[in-house]
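Visitor: In the numbering used here, the protein residues as written are 5 to 578.
C-beta atoms are modelled at their ideal positions from N, C-alpha and C, and glycine is treated no differently.
Structure in structure tokens, see below.
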């Protein structure tokens, strides 16, 4: 094992030191000498990052190459962050424990707007400079990927490259170009210019934005003729015959997804008008049942996990779900491995599926009606009827389930207070369905959790032009649901409206937000996705200091002829 970057004295006084030492089962070990060094970063704590499937895929994909060594980097928690700054310890990768500044690439997966300050924390602690323009010639190239790159503009000044699309497509092309660049001794700017010619590679420094007097975008233009005007999303069409990690790393501590994760398909056919994932991951592509079955067995053998989660935006929409469950049950029952379907549709949970996943511990079923009234579900294109939901719940109750979670959204376009009250009404109907079910479990009561998040208008959705409700209106709607619930059988949870507001600001923001981000980094903001670290009041002070009006981004309806900050990205759907 390598010498650790942190001394025993430091490890003994911080929370969960195992986050920082690496050396887990199935960790990849290579001699870094002569290899392209690729640091794969998740900008949150280890437990969350180690649960992320995309990171596992890239780790496996990159390490399959003999000439690349991919290692992992996570955000240090606030206790270690403080120590590293006091003692001038640079951020390091888990495998070699080497500082990030020694690497060729630092690739950051950007899953959520509330992790933006963590990205600057990572750049700062890595001692490579937060601004791309200020980096030394030998600094790592900083790459951003993931769903937030579909509007990367609020982070444009901090990244050298954004990778638009799925990792299996052009990452090897980028590595090959870098090898050639290193051999020929080119400089940083030359490499970035050449990289921009690879489809799906967006180099923000090669473009210029101008603004109208009202703050809207006047133009967005490439600075050179050879730089593409639009960047086309790259899609891996064949999921059956592409990279998938059959030896996933097994953490020493409990992580958020403490089980094997097996992707069975990508994309979604439903087209809900608020849902960014349903739009940007198109088209729908399925992995073959034979490959899934083989990979499931290999994962269980190589990790020792006894639960496999079949991952997709909608597991029950997988066209061969019943034959697949039959195949998996041939061996999983004997080996005491449970199979879970974490994303079931209301209209996809059948007796057939239920009987085949009875090996799963009955921790509860989760459905997402998204809106309480049929009118509202029609507006958002959520094709779920109340009678379908109640029939599905009745099927589950007869199968032994007693806990149901229902996910909703408030603040959707055209929503009224009657639509909001209907959320509580639908929860009550599910409770009633339990007591009407003749085959329900004897001697047990039902528990229904109603969760309401706030609508955030996202790029590349049909609602991208719509305003977000103001915070007082969202608070009023949350209270209205609370007041409409009349039974203890229903537990009501809701997402903090302050966080959703900032999420909307960055989701639809432009490059003018970079100066706000820089100031947030100077003031030590990070872990904004964690309630105990987040303060909207402090953020509003920053916006005010920088002369930026956040409601311009969150609460303003866009006109259809306005140039949007993400219009230079082509994600393949009109």
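Measuring CB to CB, does residue 461 end up less than 8 Å from residue 467?
Guide: Taking the chain shown and counting its residues from 1, the one referred to as residue 461 is at position 457. Taking the chain shown and counting its residues from 1, the one referred to as residue 467 is at position 463. Yes. Within cutoff.
Visitor: Of the choices 288, 275, 278 and 52, whose alpha-carbon is the least far from that of residue 267?
Guide: Along the chain shown, read from residue 1 onward, the residue named residue 267 stands at position 263. The shortest Cα separation from residue 267 among 288, 275, 278 and 52 belongs to 288.
Visitor: Is the number of C-beta pairs between the stretch 199-218 and the stretch 20-39 that are closer than 8 Å three or more?
Guide: no
Visitor: In three-state DSSP terms, what is residue 99?
Guide: Taking the first residue of the chain shown as position 1, residue 99 is located at position 95. Residue 99: coil per DSSP, three-state reduction.
Visitor: Measuring only the C-alpha atoms, how far is residue 340 from residue 492?
Guide: The residue labelled residue 340 in the question sits at position 336 within the chain shown. The residue labelled residue 492 in the question sits at position 488 within the chain shown. The alpha-carbon atoms of residue 340 and residue 492 are separated by roughly 36 Å.
Visitor: Judging by CA-CA distance, which residue of 59, 441, 45 and 335 is the nearest neighbour of residue 249?
Guide: Residue mapping note: residue 249 aligns to position 245 of the chain shown, counting from 1. Of the candidates 59, 441, 45 and 335, 59 places its Cα closest to the Cα of residue 249.
Visitor: Run through the DSSP bridge pairs and tell me what residue 45 is partnered with.
Guide: Taking the first residue of the chain shown as position 1, residue 45 is located at position 41. According to DSSP, residue 45 bridges with 77 and 112.
Visitor: With distances taken between CB atoms, is the gap from residue 300 to residue 348 smaller than 8 Å?
Guide: Here the question's residue 300 lines up with position 296 in the chain shown. Here the question's residue 348 lines up with position 344 in the chain shown. Their beta carbons are not under 8 Å apart, which means residue 300 does not touch residue 348 by this criterion.
Visitor: Report the rounded CA-to-CA distance for residue 15 versus residue 25, giving the unit in angstroms.
Guide: Sequence index remark: in the chain shown, residue 15 carries index 11 (1-based). Sequence index remark: in the chain shown, residue 25 carries index 21 (1-based). Taking the CA atoms as reference points, residue 15 sits about 9 Å from residue 25.
Visitor: Identify every run of the beta strand (DSSP E) within the stretch 335-377, keeping only runs that are complete inside it and at least 3 residues long; order them along the chain.
Guide: 342-344 and 369-374
Visitor: Start and end of the beta strand (DSSP E) containing residue 264?
Guide: Reading the chain shown from its first residue, position 260 is the one you call residue 264. Looking at the DSSP string, the run of the beta strand (DSSP E) that includes residue 264 is 264-267.
Visitor: Considering only DSSP beta bridges, list what residue 36 is partnered with.
Guide: One-based indexing of the chain shown puts residue 36 at position 32. Answer is none; residue 36 lacks a bridge partner.
Visitor: Mind checking which residues open and close the beta strand (DSSP E) that includes residue 166?
Guide: The count along the chain shown starts at 1 and reaches residue 166 at position 162. Taken as a continuous stretch (DSSP letters only), the beta strand (DSSP E) holding residue 166 covers 165-167.
Visitor: Can you list, in chain order, the residues of its chain whose CB lies under 6 Å from that of residue 387, leaving out five sequence neighbours each side?
Guide: Counting from 1 along the chain shown, the entry for residue 387 is found at position 383. Excluding residues within five positions, none has a Cβ falling inside 6 Å.
Visitor: Just the Cα atoms here: how many angstroms apart are residue 452 and residue 373?
Guide: Position 448 of the chain shown, counting from 1, holds the residue named residue 452. Position 369 of the chain shown, counting from 1, holds the residue named residue 373. The straight-line gap from Cα to Cα measures roughly 13 Å.
Visitor: Can you look up residue 311 in the DSSP assignment and give me helix, strand or coil?
Guide: On the chain shown, residue 311 is found 307 positions in, with the first residue counted as 1. Looking at residue 311 - three-state DSSP - the assignment turns out to be strand.
Visitor: I'd like to know if the stretch 227-240 and the stretch 179-192 are in contact, where contact means that at least 3 CB-CB pairs between them fall below 8 Å.
Guide: no
Visitor: Let me know the secondary structure DSSP gives residue 283 once reduced to three states.
Guide: The residue given as residue 283 occupies position 279 in the chain shown. Residue state, collapsed to three classes: helix.
Visitor: By Cβ distance, which residues of its chain are closer than 6 Å to residue 127, with the 5 residues on each side in sequence left out?
Guide: Within the chain shown, residue 127 is the residue found at index 123, counting from 1. Closer than 6 Å at the Cβ level, and outside the excluded window around residue 127, lie 134.
Visitor: Does the distance from the CB of residue 238 to the CB of residue 463 come in under 8 Å?
Guide: Numbered from 1 along the chain shown, position 234 holds the residue referred to as residue 238. Numbered from 1 along the chain shown, position 459 holds the residue referred to as residue 463. Taking a C-beta distance under 8 Å as the contact criterion, residue 238 and residue 463 do not qualify as a contact pair.
Visitor: What's the C-alpha gap between residue 418 and residue 360?
Guide: Within the chain shown, numbered from 1, the residue matching residue 418 stands at position 414. Within the chain shown, numbered from 1, the residue matching residue 360 stands at position 356. Approximately 40 Å between the Cα atoms of the pair.
Visitor: In terms of residues, what are the limits of the beta strand (DSSP E) holding residue 497?
Guide: Along the chain shown, read from residue 1 onward, the residue named residue 497 stands at position 493. Start and end: 494-498.
Visitor: Measure the Cβ-Cβ separation of residue 472 and residue 508 and say whether it is below 8 Å.
Guide: Here the question's residue 472 lines up with position 468 in the chain shown. Here the question's residue 508 lines up with position 504 in the chain shown. Yes, the pair counts as a contact, with Cβ atoms nearer than the cut-off.
Visitor: In whole angstroms, what is the alpha-carbon distance linking residue 459 and residue 474?
Guide: The count along the chain shown starts at 1 and reaches residue 459 at position 455. The count along the chain shown starts at 1 and reaches residue 474 at position 470. Approximately 11 Å, taken between the alpha carbons.
Visitor: Return the CA-CA distance between residue 342 and residue 330, expressed in angstroms with no decimal places.
Guide: In the chain shown, the residue the question calls residue 342 occupies position 338. In the chain shown, the residue the question calls residue 330 occupies position 326. Computed Cα separation, rounded: 13 Å.
Visitor: Can you tell me whether residue 256 is helix, strand or coil according to DSSP?
Guide: Position 252 of the chain shown, counting from 1, holds the residue named residue 256. Coil.
Visitor: What does the alpha-carbon distance come out to for the pair residue 150 and residue 12?
Guide: Reading the chain shown from its first residue, position 146 is the one you call residue 150. Reading the chain shown from its first residue, position 8 is the one you call residue 12. About 35 Å.
Visitor: Mind checking whether residue 18 and residue 87 have CB atoms under 8 Å apart?
Guide: In the chain shown, the residue the question calls residue 18 occupies position 14. In the chain shown, the residue the question calls residue 87 occupies position 83. Yes, they are a contact pair.
Visitor: To the nearest angstrom, report how far apart residue 148 and residue 204 are at their CA atoms.
Guide: Start at 1 with the first residue of the chain shown, and residue 148 comes out as number 144. Start at 1 with the first residue of the chain shown, and residue 204 comes out as number 200. Each residue's Cα considered, the two are about 12 Å apart.
Visitor: Where do the ends of the beta strand (DSSP E) carrying residue 419 lie?
Guide: One-based indexing of the chain shown puts residue 419 at position 415. Unbroken run through residue 419: none, as it is neither H nor E.
Visitor: Taking the CB atoms as reference points, tell me whether residue 56 and residue 121 lie closer together than 8 Å.
Guide: For this step, residue 56 is matched to residue 52 along the chain shown. For this step, residue 121 is matched to residue 117 along the chain shown. Contact: no.
Visitor: Check whether the stretch 499-515 and the stretch 549-561 touch, using three or more Cβ-Cβ pairs below 8 Å as the test.
Guide: Output reads yes: the stretch 549-561 touches the stretch 499-515.
Visitor: With a Cβ-Cβ cutoff of 8 Å, do residue 426 and residue 377 count as a contact?
Guide: Your numbering for residue 426 matches position 422 in the chain shown. Your numbering for residue 377 matches position 373 in the chain shown. Yes, the Cβ-Cβ distance between residue 426 and residue 377 is below 8 Å.
Visitor: Taking DSSP as the reference, what is the three-state secondary structure of residue 173?
Guide: The residue given as residue 173 occupies position 169 in the chain shown. Three-state result, residue 173: coil.
Visitor: Report the option in 35, 190 and 264 whose CA atom is closest to the CA atom of residue 3.
Guide: Look at the range of the chain in this structure, 5 to 578, and you will see that residue 3 is not part of it.
Visitor: What does residue 519 pair with, by DSSP beta-bridge criteria?
Guide: Here residue 519 corresponds to residue number 515 of the chain shown, with the count starting at 1. According to the DSSP secondary-structure assignment, residue 519 is paired through a beta bridge with no residue.
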